[in-house]
Amino acid sequence: MFLSILAHHKKNHVVKFNHQRSGQTVSQYVYAVFLAFLKMHTVLFVKPDPVPTDSTNPRWKWFKGCLGAIEGTYINVHVPKADKGRYRTRKGTIATNVLDACDRNCMFTYILPGWEGSASDARVLRDSISRVHGLKIIITFVGYANSLGFLSPYRSVPYHLSEWGPQSIRPQTYQEHFNMRHT
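Residue numbers (my numbering): 1 to 183.
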């Protein structure tokens, strides 16, 4: 019931009909599962440890003091007709813009949901920094600009791991080397 409400934006009366339960039972169990998720926040979200200054790990030794990486994603949503313009992405879908951060072990450390799909990544990032428990030193992807505490790869330089396959040549410039380490 809980997942169908979240994933498919179903109303209480629809879930009540689908599961043959009363509206009070549906509300009671959805609320109970929601509280269980809130209690599990220490398991689902971890506090990141920065990369140590004496790190010898070939993947992370280049990013001393880094807490993790951020990424933005769109999640499709249903909104009233009056709000569709604000939630329309540049590709035409109706979605919410979500910023998330992961530590070196790919565990979520921060999630900022709720921005309109039309909001730029830079605007969402600025909002996350301005919050009381906002983001700190993070590696970003090319969609974000370099700024204090955020490190973005060089633009128009090979970036993705597939471009550094076994048949490809090694990085020729320091920008290519940085982007290879960044990925």
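Built from N, CA and C at the ideal position, the CB exists for glycine as well. Since we're looking at a predicted model, the values are computed, not measured.
Looking only at its chain, what residues have a beta carbon closer than 6 angstroms to the beta carbon of Lys16, apart from the 5 residues adjacent to it on each side?
Locating residue 16 in the sequence shown gives position 16, where the first residue counts as 1. So the list reads Gly23 and Val26, once near-sequence residues are dropped.
Span separating the alpha-carbon of Asn76 from that of Thr173
The residue you call residue 76 lines up with position 76 of the sequence shown. The residue you call residue 173 lines up with position 173 of the sequence shown. Between Asn76 and Thr173, the C-alpha separation is close to 40 angstroms.
Using 8 angstroms as the threshold, is the stretch 90–98 in touch with the stretch 60–79, meaning 3 or more CB pairs across them?
yes
If we count the other Cβ atoms within 10 Å of its Cβ and call it buried at 16 or more, is Arg104 buried or exposed?
Here residue 104 is taken as the residue at index 104 of the sequence shown, counted from 1. It counts as buried.
Neighbour-count burial assignment, Phe37, 16 or more Cβ in a 10 Å radius
Translated into positions along the sequence shown, residue 37 becomes position 37. Exposed: under 16 other Cβ atoms inside 10 Å.
Between the stretch 98–117 and the stretch 48–66, are three or more C-beta pairs nearer than 8 angstroms?
yes
Are Glu116 and Arg90 close, meaning C-beta to C-beta below 8 angstroms?
For this step, residue 116 is matched to residue 116 along the sequence shown. For this step, residue 90 is matched to residue 90 along the sequence shown. Going by C-beta atoms, Glu116 is not nearer than 8 angstroms to Arg90.
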